[in-house]
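First residue of the sequence shown? That's 1 in full-length UniProt numbering, and the numbers climb one at a time after it. Built from N, CA and C at the ideal position, the CB exists for glycine as well. Structure first, commentary second.
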Amino acid sequence: MLMLQQRSLNILELIMGNHNITMKDLEVKTLLTRRQINYDLTRINGWLIQNKFKEIKKQGKEGFLFQNDTNEVLKALFKENVKYILNEDERLMAIYLYLYVSREEISLFHFTETLDVSRGTINDDLKKLANQLEDYSLKLSYSRLRGYHIEGEESTIKYVALLLITKLIDDNRSHYIFHLIMEEQGLSLFNKLTSVCKTCFYKANIHFSDNDLLKVTYIATFILMRGRGIKEDLLQENNFVFAGHNEYAVAGEILDKLGLDHNEHIEFLTSLLLAFSIGDSYLNTPDYPMLKKIIEKIMLKLEVSYGIQLNSKEEVLEQVYAHFRPAYYRIIFQYPIVNPLKDKIKKQYNALFKILKDILEPLNLPNNITVSDDEIAYLTIHFATLIDINVTTVNSTKMVKAAIVCPNGTGISLLLYKELKNIFPKVYFLKPIPISKLDSLRDDVDVIFSTKLVKATQPIFVVSPIMNNLEKANLIKNFYRKIGKTVVTENYYVDDLLKVIIKHAVVKRPSELKEELNNLILNYSYVDGIEGRQPMLSEIVTKELIQLNVEAVDWKDAIKKSATSLVNHHKITEGYVKAMIDSAEESGPYIVITKHVALPHARPEDGANELAISITTLKRPVEFGNSENDPVKYVFCLSALDNITHLNALSELVGLLGDHAFYKTLEEAKEPSEIINFIEKYEEEMSLS
């Protein structure tokens with residue numbers, strides 16, 4: 001029987017979920033060569049023919065033609081007799097998890113039988129796994145008495161196991177590998193635990209994303225199968241009081257139904273529920289005041305220190321709390337988090353990511369634990385969906401209705417919701433739902449967007465929550481072909497382009513020309529018109545906006561004098577200066593963003609004419625009322641036109657303010673050009689890194 005490897009399955013899923021996807025699209029999405037894709041297509045077609053399906057046909061520029069019922073193919077893939085071949089990376093993870101749960105002597109024979117590979121392959125895998133484990137100060141050992149086993153601190157052994165479980169679930173590769181390892185006894189425990197958990201969670205009104213529910217049940221199953229060091233392994237130095245949380249009572253009920261000891265397991269299970277359940281700001285939990293205070297501090301810093309206006313405070317608090325509460329407990333209990341979108345988020349929302357990292361670093365967390373980039377990236381997408389959302393509401397009774405299915409958390413779901421609404425403003429999108437809720441909506445929607453392939457009778461488009469311009473263009477093109485052009489957004493620049501053409505030429509049929517221009521541009525590119533271009537710092541700071549060794553009698557005078565250059569060059573109005581002072585009085589010391597640095601600003605509607613930042617060094621430091629960061633020596637006045645366009649320049653400034661050489665330049669500069677030169681050199685170095 002022909003067996004499919006994970007790489008082939010990924011390509012098959014992409015073809016089934018993206019109508020008429022082209023070879024170039026597959027190369028971009030998979031990062032594989034054309035030769036590798038053709039090899040996998042040969043294997044996929046062999047499997048399809050073997051299972052009495054039609055093979056996938058190449059149609060040149062028209063992409064690949066998939067001629068089968070997707071649901072029937074999925075059924076065949078999910079049959080028990082379909083056996084997937086693990087790649088090397090998956091085998092290494094499977095070996096580690098197999099060693100983690102096994103309580104008997106493990107020999108080479110166990111590995112070759114379970115993974116269905118040769119002794120030579122297993123020996124190579126064991127050497128590679130041993131090298132990888134050195135990074136965690138763990139050792140892969142062998143003895144005649146114990147067979148193969150892992151040596152090291154139990155807390156580290158558990159951490160690596162949880163890291164692999166999390167990674168496999170987030171990569172949608174968990175089902176087959178876990179079931180291969182757990183065997184009959186483990187599967188029985190997993191199925192019972194899943195059933196009990198769902199019942200108890202529903203009763204207690206505790207909610208999880210699809211993937212996080214899997215993490216809770218699989219992590220609990222693997223740790224219970226290992227059966228050692230559970231209670232002692234929690235960070236007792238946190239002095240955390242578990243009793244009193246709703247999750248503590250739910251954990252007790254689950255343990256009762258499973259017949260497990262409370263004393264040994266209840267704190268571990270409570271910590272697991274706290275770390276992966278969705279935070280609900282409407283529930284009166286004992287930790288709400290403390291977490292609310294942290295989130296409000298983050299919101300205030302974004303507004304006052306960085307000029308990012310958050311209009312609906314309650315909505316922001318509710319959405320951010322949903323992610324921040326479990327993130328807080330993952331951090332203090334040191335549960336590993338793997339954000340598969342981290343690099344994409346850091347690239348597409350780089351400025352916002354850097355600003356949030358700057359805000360979160362000084363947070364006073366237990367045991368001086370820092371917030372990982374993976375967690376910051378998740379928090380970034382929550383704020384990205386809340387900043388400057390101006391999407392026109394459409395009449396749901398007349399428009400094509402679409403469901404968004406996402407097994408990930410609320411942040412990724414809402415980011416995808418925002419992306420799709422921006423791309424297709426003429427489509428009525430229902431709020432994102434987990435896979436488990438799809439059946440209840442099937443008859444109410446015309447099309448489904450999902451981050452993974454699901455069974456459906458409607459057209460389905462498999463999408464990434466963060467898409468580059470090429471992916472957006474291909475999605476629009478495929479959607480156009482399948483659904484019809486009336487629901488595809490017109491290009492943002494076609495109207496302007498048409499005006500230029502009419503100005504210089506006679507256009508007999510402008511509406512037809514406009515339609516053809518739309519179709520032409522649609523086939524080549526998609527320009528993200530929501531966030532637009534964000535200028536670099538050197539583009540909005542000029543020599544004329546820099547003042548050196550300025551005398552100021554107090555903080556108000558410092559702001560007025562720093563803003564003088566902006567007023568003189570028509571970047572802001574006098575009213576904006578007054579608004580900056582009023583804002584500083586209202587918000588207190590938050591405009592002092594770090595040691596000796598103030599960043600005053602006001603709302604765009606208060607008189608901002610042009611995006612700009614002025615730089616002023618004070619002859620004598622001035623007190624601004626911030627006991628931690630006073631006195632202020634440097635004042636950066638920001639004129640921002642919206643919530644978005646200044647973020648890149650501001651994130652650059654944040655980076656510069658962490659560089660001692662920048663302060664030395666500010667202190668010693670005799671001419672504004674010296675500061676400009678430093679900024680330009682910094683930008684050049686950053687572009688090369």
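For residue i, three-class secondary structure by DSSP
{"i": "G147", "result": "strand"}
{"i": "N71", "result": "helix"}
{"i": "V304", "result": "helix"}
{"i": "R620", "result": "strand"}
{"i": "G529", "result": "Bear in mind that the predicted position of G529 carries a pLDDT of just 38, short of 50, making it too unreliable to give a figure here."}
{"i": "V454", "result": "coil"}
{"i": "I433", "result": "strand"}
{"i": "Y428", "result": "strand"}
{"i": "S141", "result": "strand"}
{"i": "S627", "result": "coil"}
{"i": "Q36", "result": "helix"}
{"i": "Q50", "result": "helix"}
{"i": "F64", "result": "strand"}
{"i": "Q5", "result": "strand"}
{"i": "A612", "result": "strand"}
Alpha-carbon spacing of residue i relative to residue j, whole angstroms
{"i": "N172", "j": "E375", "result": "19 Å"}
{"i": "E267", "j": "N246", "result": "13 Å"}
{"i": "V391", "j": "K426", "result": "Any answer about V391 is weak, because its pLDDT of 38 lies below 50 and its placement is not dependable; what the coordinates show is given next. C-alpha separation (whole angstroms): 11 Å."}
{"i": "P326", "j": "I337", "result": "11 Å"}
{"i": "E667", "j": "R620", "result": "12 Å"}
{"i": "L162", "j": "K54", "result": "41 Å"}
{"i": "T166", "j": "N408", "result": "12 Å"}
{"i": "I37", "j": "Q132", "result": "29 Å"}
{"i": "K556", "j": "G307", "result": "19 Å"}
{"i": "T194", "j": "L213", "result": "9 Å"}
{"i": "M536", "j": "N609", "result": "18 Å"}
{"i": "Y576", "j": "Y282", "result": "38 Å"}
{"i": "Y417", "j": "I460", "result": "15 Å"}
{"i": "E13", "j": "D343", "result": "23 Å"}
{"i": "V445", "j": "N350", "result": "35 Å"}
{"i": "S188", "j": "F324", "result": "33 Å"}
{"i": "D210", "j": "L260", "result": "25 Å"}
{"i": "L627", "j": "Y378", "result": "The residue asked about is misnamed: residue 627 is Ser in this sequence, not Leu. Going from the Cα of S627 to the Cα of Y378 covers about 32 Å."}
{"i": "F222", "j": "K401", "result": "41 Å"}
{"i": "V622", "j": "I355", "result": "25 Å"}
{"i": "L26", "j": "E183", "result": "36 Å"}
{"i": "L360", "j": "V320", "result": "14 Å"}
{"i": "I591", "j": "I298", "result": "13 Å"}
First and last residue of the uninterrupted beta strand (DSSP E) at residue i
{"i": "K401", "result": "400–405"}
{"i": "N350", "result": "Taken as a continuous stretch (DSSP letters only), N350 belongs to no beta strand (DSSP E), being part of the alpha helix (DSSP H) at 350–360."}
{"i": "V567", "result": "Per DSSP, V567 belongs to no beta strand (DSSP E); it is in the alpha helix (DSSP H), 555–568."}
{"i": "L548", "result": "546–550"}
{"i": "F636", "result": "632–639"}
{"i": "I460", "result": "460–462"}
{"i": "T594", "result": "592–594"}
Residue i: first and last residue of the uninterrupted alpha helix (DSSP H) it sits in
{"i": "Y329", "result": "313–332"}
{"i": "V28", "result": "23–30"}
{"i": "S583", "result": "574–587"}
{"i": "residue 701", "result": "Since the displayed the chain opens at 1 and closes at 689, residue 701 lies outside it and no answer follows."}
{"i": "F242", "result": "Element bounds for F242: n/a, residue is neither H nor E."}
{"i": "F383", "result": "373–386"}
{"i": "R91", "result": "88–101"}
{"i": "E104", "result": "E104 -> no alpha helix (DSSP H), and no H or E assigned at all."}
{"i": "P340", "result": "Note, P340: premise wrong, no alpha helix (DSSP H); not H, not E."}
{"i": "A661", "result": "660–668"}
Residues near residue i in its chain [Cβ-Cβ closer than 6 Å; skip 5 each side]
{"i": "C200", "result": "V250, E253, I254"}
{"i": "S562", "result": "S614, T616, V635, C637"}
{"i": "M93", "result": "L164"}
Other residues of its chain near residue i: CB distance less than 7 Å, five sequence neighbours each side excluded
{"i": "L108", "result": "R119, I122"}
{"i": "Y526", "result": "Legend: pLDDT at Y526 = 41, less than 50; position of this residue unreliable, no value from coordinates given."}
{"i": "K595", "result": "N629"}
{"i": "S673", "result": "K543"}
{"i": "N71", "result": "K455"}
{"i": "A384", "result": "Y349, L352, L415"}
{"i": "G17", "result": "L453, I460, F461, V462"}
Proximal residues to residue i (C-beta, below 8 Å), its chain only, five neighbours per side dropped
{"i": "L145", "result": "E105"}
{"i": "residue 696", "result": "The chain is shown from 1 up to 689; residue 696 falls before or after that span and cannot be answered."}
{"i": "Y98", "result": "I106, H110, F111, T114, I181"}
Exercise. Which full runs of the alpha helix (DSSP H) of 4+ residues lie inside the stretch 235–299, going along the chain?
Worked result: 246–258, 262–276
For this session: Entirely within the stretch 131–210 and at least 4 residues each: give me those alpha helix (DSSP H) ranges in chain order.
Result: 154–170, 174–204
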